[in-house]
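Working notes for the structure below.
There are 2 protein chains.
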Amino acid sequence: MMRYRYKSYAPAHITGFFEICEHSDPKLTGSRGAGIVLEHGCVTEAEISEGNRVEINGMLEKAPTTRLVMESLAKRPVFIKSNFDLPIGCGFGLSGAGAVSTALSLGELFGLNMTVNELAGFAHEAEVMNRTGLGDVIAQVHGGLVIRKEPGAPGIGVIDRVSVASMKVGIVVFGEKSTQPVLEDADMKRRINKAGKSALKSLLKKPTLPNFMDLSKEFALGTELISEKARDAIEAVEASGGLVAVAMLGDSVFAIGGFDVLAEFGELRISRIQHGRARLI
Amino acid sequence: MMRYRYKSYAPAHITGFFEICEHSDPKLTGSRGAGIVLEHGCVTEAEISEGNRVEINGMLEKAPTTRLVMESLAKRPVFIKSNFDLPIGCGFGLSGAGAVSTALSLGELFGLNMTVNELAGFAHEAEVMNRTGLGDVIAQVHGGLVIRKEPGAPGIGVIDRVSVASMKVGIVVFGEKSTQPVLEDADMKRRINKAGKSALKSLLKKPTLPNFMDLSKEFALGTELISEKARDAIEAVEASGGLVAVAMLGDSVFAIGGFDVLAEFGELRISRIQHGRARLI
Numbered sequence: 001m002m003r004y005r006y007k008s009y010a011p012a013h014i015t016g017f018f019e020i021c022e023h024s025d026p027k028l029t030g031s032r033g034a035g036i037v038l039e040h041g042c043v044t045e046a047e048i049s050e051g052n053r054v055e056i057n058g059m060l061e062k063a064p065t066t067r068l069v070m071e072s073l074a075k076r077p078v079f080i081k082s083n084f085d086l087p088i089g090c091g092f093g094l095s096g097a098g099a100v101s102t103a104l105s106l107g108e109l110f111g112l113n114m115t116v117n118e119l120a121g122f123a124h125e126a127e128v129m130n131r132t133g134l135g136d137v138i139a140q141v142h143g144g145l146v147i148r149k150e151p152g153a154p155g156i157g158v159i160d161r162v163s164v165a166s167m168k169v170g171i172v173v174f175g176e177k178s179t180q181p182v183l184e185d186a187d188m189k190r191r192i193n194k195a196g197k198s199a200l201k202s203l204l205k206k207p208t209l210p211n212f213m214d215l216s217k218e219f220a221l222g223t224e225l226i227s228e229k230a231r232d233a234i235e236a237v238e239a240s241g242g243l244v245a246v247a248m249l250g251d252s253v254f255a256i257g258g259f260d261v262l263a264e265f266g267e268l269r270i271s272r273i274q275h276g277r278a279r280l281i
Numbered sequence: 282m283m284r285y286r287y288k289s290y291a292p293a294h295i296t297g298f299f300e301i302c303e304h305s306d307p308k309l310t311g312s313r314g315a316g317i318v319l320e321h322g323c324v325t326e327a328e329i330s331e332g333n334r335v336e337i338n339g340m341l342e343k344a345p346t347t348r349l350v351m352e353s354l355a356k357r358p359v360f361i362k363s364n365f366d367l368p369i370g371c372g373f374g375l376s377g378a379g380a381v382s383t384a385l386s387l388g389e390l391f392g393l394n395m396t397v398n399e400l401a402g403f404a405h406e407a408e409v410m411n412r413t414g415l416g417d418v419i420a421q422v423h424g425g426l427v428i429r430k431e432p433g434a435p436g437i438g439v440i441d442r443v444s445v446a447s448m449k450v451g452i453v454v455f456g457e458k459s460t461q462p463v464l465e466d467a468d469m470k471r472r473i474n475k476a477g478k479s480a481l482k483s484l485l486k487k488p489t490l491p492n493f494m495d496l497s498k499e500f501a502l503g504t505e506l507i508s509e510k511a512r513d514a515i516e517a518v519e520a521s522g523g524l525v526a527v528a529m530l531g532d533s534v535f536a537i538g539g540f541d542v543l544a545e546f547g548e549l550r551i552s553r554i555q556h557g558r559a560r561l562i
């Protein structure tokens, strides 16, 4: 029986710290660093249609990263509908989540005979081409607290993980922040890469959740990729004994513990560390 | 606060087909092939104790693979308790599940500052040394329908995945089968490696669940790693339109669909494809 509609899920991903790794080949471009894959994320439905359309949370959108995946993989016009349960552009890797869930749905819809890494590779490339992300897709096809040891698309980049249980992650969003300008500022890139490299080295020596959170917080403070509001929230949550850092690249704060204090700074969303990953549903 | 007891989960893993890849270094030893990671599996608790003990499903056991992990990682005597929800020695990769869940629990109990791959590496090595398994651990730290493209411990072996949803997997167990004698029979090894290599090549060309199941069934028939009872069950389930194969290395049959027919051959257990993986709980 031929089906005309397939659905996939992809988790959100919060990068705590990172190092930008550029290369002439987008499959080898990416980032080193570490981040938490979340149960929240997106569900994308792909359906045979009269013309190509992308709908994000019920609105027709340009969605360049998802669109590039669609143009690369769809053999006929399709209607892509992605629904996200976290705000877009705030550091949750949702362009990657949209792109990889689109790739998995299209793989099934058109019987493309590609593995998960092959399909997700298109999502990684689309992220790199559009400068919307560098390391979310490889984390999203793995799950957990992912250490990105070497950059690149799934199957090319090298990952490991910090051993953690499914802990609750509290999130407060202050505003949007675009990845693109940061990736184009040479001074900022140097600062990021110096801080990111050193944080990764420290995490590999002591791969624990508290150390990941501390290194992420120091990365945000050291690179000054942090708003005043985020700085205030971090100080307060820290004073209460919670572990807290900034979602890169976004103006959002994430915490393990200290949720009561964090809730004083804005709408508190509670997610969990996702040990699963992007997949057909 | 110092805790004296930690628990981890590890999923079962059914190999459908495989190729044995030996090397003088146990970390580089392993198998190529493909298999399904299941939601069923084991939970292991590690606790500071007066002397080293390993309890499996409530009985003190030798459990050489888990014991080797314990001896490698524990800094003080510990009591390891593993509980399995599938029968041991029947093709579900449970020696690997016990070993990797032990490694993760000990990592936390003793604050070993190791990543998931580093801890799981001890479980992989213990499997290889005891000849209880070759490719289960790397699959169990990844989850899904795992393709083992290159052999080795987690972080060394190369994996990819067939894109699948969380489908139900039906299982009927006919009896035990030890991995060790098969790994020591040179003729059998040649047959396995020829059939396994060819199956992997075919799966990578068409990485779909039905193709994985077909290639697995052909592998069991071609290598004659199949009992009469399993052969009868496979013929019947296949005739009813189900996808069915033998769990390697065990005398068990697993199926996607055709559960009513499969249930006529023995106690039917229903699990699901696990998209998560071994982790602290």
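Protein chains in written order, with my numbering: chain A, 1 to 281; chain B, 282 to 562.
Heads up, the beta-carbon is just placed ideally off N, CA and C, and yes, glycines get one too.
L38/A is bridged by DSSP to A12/A and I273/A. Annotation for A255/A: the continuous beta strand (DSSP E) segment containing it runs D251 to I256. DSSP, reduced to helix, strand and coil, places T346/B within a helical segment of the structure shown. Separation of the CB atoms of S533/B and G372/B is rounded to 5 Å, and the pair is thereby assigned contact status at 8 Å. Taking a beta-carbon distance threshold of 8 Å, G241/A does not count as an interface residue toward chain B.
Taking a Cβ-Cβ threshold of 7 Å, the residues of chain A close to E389/B are S163, in chain order. Residue environment: Y4/A is assigned as exposed (fewer than 16 neighbouring CB atoms within 10 Å of its CB, all protein chains considered).
CA-to-CA, the gap between D306/B and E127/A works out to about 38 Å. Minimum Cα-Cα distance from I80/A among the listed residues G93/A, I147/A, K62/A and A236/A corresponds to K62/A.
Your pair P435/B and A384/B does not check out as a contact, with CB atoms roughly 10 Å apart and the cut at 8 Å.
Under the DSSP assignment, K362/B falls in the beta strand (DSSP E) whose first and last residues are V359 to F365. Within chain B, the residues placing a beta-carbon under 8 Å from that of N117/A are D441 and R442, ordered along the chain. Bounds of the alpha helix (DSSP H) holding L215/A are L209 to T223.
In terms of beta-carbon proximity, P488/B lines the interface with chain A, with at least one pair separated by less than 8 Å. V359/B has its alpha-carbon roughly 43 Å from the corresponding atom of S101/A. Straight-line spacing of the CA atoms in F254/A and I14/A works out to 8 Å. Contact check between the stretch 432 to 446 of chain B and the stretch 474 to 494 of chain B: three or more CB pairs, one atom from each, fall below 8 Å, which counts as touching. In summary, N117/A is buried, with 16 or more beta-carbon neighbours lying within 10 Å of its beta-carbon over all protein chains present. In the DSSP assignment, A247/A falls outside any beta strand (DSSP E), carrying neither H nor E. Taking a cut-off of 8 Å on C-beta distances, the stretch 453 to 472 of chain B touches the stretch 504 to 512 of chain B, as three or more cross pairs fall below it. Under the Cβ criterion (8 Å, minimum of three pairs), the stretch 83 to 99 of chain A counts as touching the stretch 39 to 53 of chain A. Of G438/B, G311/B and K498/B, the smallest CA-CA separation from L415/B is found for G311/B.
Closest by C-alpha distance to L496/B, out of A526/B, G332/B and Y287/B, is A526/B.
At least one CB of chain B lies nearer than 8 Å to the CB of N113/A. Annotation: the continuous alpha helix (DSSP H) that includes I473/B extends over A467 to K486.
In the three-state scheme derived from DSSP, where H, G and I count as helix and E and B as strand, G379/B is classed as helix. For I440/B, the uninterrupted beta strand (DSSP E) run begins and ends at V439 to V443, by DSSP. Excluding its 5 nearest sequence neighbours in each direction, V173/A has C-beta neighbours in its own chain below 6 Å: P87, C90 and S252, listed in chain order.
Beta-bridge pairing by DSSP links F298/B to A315/B.
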